[in-house]
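A short worksheet on the structure shown next.
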Amino acid sequence: MATRFGRLLEIHRELDEVFLLHAECLLQGEHGLGLAVLKGYRELLLLHMEHEERQLLPLYVTVGVAPRFPVVLYGGQHEKLRGMLDALVVRVAALEGRGRAVRRAVLGIFDQETTFKHLSEHHDAAERDGLFARLDLAVDAERTEALVSRCWDEWWARRGALQGPILEAQAL
């Protein structure tokens, strides 16, 4: 993405990769590892949302909200994503054993994850076309760089701390 705030969308792409690793673990029958990766994903997503809610959205309000993308949209989407993700963690944690019942439970989880991914895609688009686009127009380059760098650095530091299960999942 060519915009300055759009750099944060690279975090979205990395989050998508971690989420896919979790799904691959479930496909391989590695339910414990899949749960560990999903919990790491949740931690990373929550940190990203925290950055948006505490730093970006207040700034968005001060520079003038884009009419098509009200602040309540982002907060509502965050709340839905949190709830859906918590429900997924519970379902994955309940997976036990092998056999048809577990395979079908995994398929049910994948169905639920499809809904989660659709909401996540809509949220990404709203941030790209609304929040980040508006901030790019209204915030000077120096302030943008400081804010984006702080969010970026904190997120990647947390990502590094969660590297263990992610590396293990990549090795499957």
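All residue numbers for the sequence shown refer to the numbering used here, where the first residue is 235 and numbers rise by one.
The C-beta atom is built at its ideal place from N, Cα and C for all residues, glycine as well.
- Residue 383 counts as exposed, since fewer than 16 other C-beta atoms from the protein chains shown sit within 10 angstroms of its C-beta.
- Taking 3 residues as the shortest admissible run, the stretch 251-290 contains no complete beta strand (DSSP E) segment at all.
- Comparing alpha-carbon positions, the option among 274, 239, 283 and 280 lying closest to residue 396 turns out to be 274.
- By the Cβ-count criterion, residue 268 is buried, with 16 or more other Cβ atoms from all chains shown falling within 10 Å of its own Cβ.
- Under the DSSP assignment, residue 374 falls outside any alpha helix (DSSP H); it carries neither an H nor an E label.
- Residue 390 and residue 247 have their C-alpha atoms spaced approximately 13 Å apart.
- The Cβ atoms of residue 280 and residue 249 lie no closer than 7 Å to each other.
- Within the stretch 298-359, the alpha helix (DSSP H) runs of at least 4 residues that lie entirely inside it are, in chain order, 305-327.
- Of 263, 295, 292 and 256, the smallest CA-CA separation from residue 276 is found for 256.
- Judged by their CB atoms, residue 259 and residue 403 are nearer to each other than the 7 Å cut-off.
- By a beta-carbon distance limit of 8 Å, residue 365 contacts residue 303. Their separation comes to about 6 Å.
- The C-beta of residue 253 has 16 or more other C-beta atoms within 10 Å across all chains shown, which makes the residue buried.
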